[in-house]
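Here's the structure we're looking at; comments come further down.
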Ligand SMILES: [Zn+2]
Ligand SMILES: [Zn+2]
């Protein structure tokens, strides 16, 4: 089934995408001897591999989430540095998704394959910007691969949040956001918009925000929500994982405005189902236009489409004269849900955790 011009450089195993010539998996969903990990989200970066090659940032994120013993061997690879692994050469290139996120370029006998991991093209002050990498075969994500998904500029969405804060200065504004990447990007955007007041954090976000600080990102004054009196919550922006807005944790807030920051907020029914009074369309994934533009920029003659809306993007590729096939990889979550069960979130969100696969 997996045919490309020459013998394919990747095949599928139970654990996911496997490169026989290099004898490693990329983002395996179960423990393997050798893994290359694109970024730290829990559905891509799992513990228990024999060795993990990833950016230093991703390795640090994995250590925060799973403990220092998350792998037998860490193989830090800086962006742009070539690493020979058996018969192939592996180079990581920025994916613009979250801190440390990388696309994986694999070269073998003159053929170039790029596995994108998750990526976005919108600018993000907390992640190195995506670089298109010329290749023969491009393995792309497809989380938002339907024409209905067009993400507005994130700055405008942050403007909505700050407008609401001005309109309801006495109400706490609870913002559900992915613990890794989305939360820190929102904070950076809120700071860039001139809001200097302390931002309050759910316990699940604290260590990752500290890690961004350790990598040199100044997120301004951040304070834990825990231990604050009710009267001291009014008029604050409070960030938490998406699942926390629906559990007991959220009941401490008097008359809150509930917001979610996600590409899914484009879908009204989804926003309603989430109870989002203030849906913010802020995504760390490429939207439809950016997926299509990126495929063209890579110059790939063949595209493999993974987790998300594979069919629409494969159809578009066909119209553009590019061979394409869906991979139907299992085990990857979507943007809203994938962090619900990470260890650092468990303490405060366990009763309402919704699982990794998500809706
Ligand atoms: Zn991700
Ligand atoms: Zn993903």
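Numbering (this note's numbering), first residue to last: 451 to 809.
All C-beta atoms, glycine included, are put in the ideal place defined by N, C-alpha and C.
By the 16-neighbour rule on beta-carbons within 10 angstroms, residue 674 is exposed. By the rule of a C-beta closer than 5 Å to any heavy atom of ligand 1, the residues picked out are 491, 568.
If you look at residue 560, you'll find it isn't in any beta strand (DSSP E); DSSP assigns it neither H nor E. Non-local C-beta neighbours of residue 670 in its own chain, meaning closer than 6 Å and more than five positions away in sequence, comprise 641, ordered along the chain.
Secondary structure at residue 499: strand, using DSSP grouped into helix, strand and coil.
Around the beta carbon of residue 681, a 10 Å sphere encloses fewer than 16 other beta carbons of the protein chains shown; the residue is thus reported as exposed. Using a cutoff of 8 Å, the CB of residue 493 counts as near ligand 2, since one of the ligand's heavy atoms is closer than that.
Residue burial is scored here from C-beta neighbours: residue 760 has at least 16 other C-beta atoms within 10 angstroms and is therefore classed as buried. Nearest to residue 488 by alpha-carbon distance, out of 481, 496, 602, is 496.
Straight through space, the alpha carbons of residue 704 and residue 613 are spaced by roughly 19 Å. Taking residue 460 as the centre and dropping the five residues before and after it, the same chain places the C-beta of 467, 469 closer than 6 Å to its C-beta, in chain order. Residue environment: residue 574 is assigned as buried (16 or more neighbouring CB atoms within 10 Å of its CB, all protein chains considered).
Taking 8 Å as the cut-off, the C-beta of residue 507 does not count as close to any heavy atom of ligand 2. The region 701–730 contains, as complete beta strand (DSSP E) runs of 3+ residues, the segments 707–711, 728–730 (chain order). Shown here for residue 764: same chain residues with a beta carbon closer than 8 Å to its own, the five before and five after excluded, namely 753, 755, 774, 775, 776 in chain order.
Excluding five sequence positions before and after residue 645, the CB atoms of its chain that fall closer than 7 Å to its own CB belong to 612, given in chain order. Annotated three-state conformation of residue 514 is helix, per DSSP. If you check the CB distance, residue 628 and residue 551 do not come in under 9 Å.
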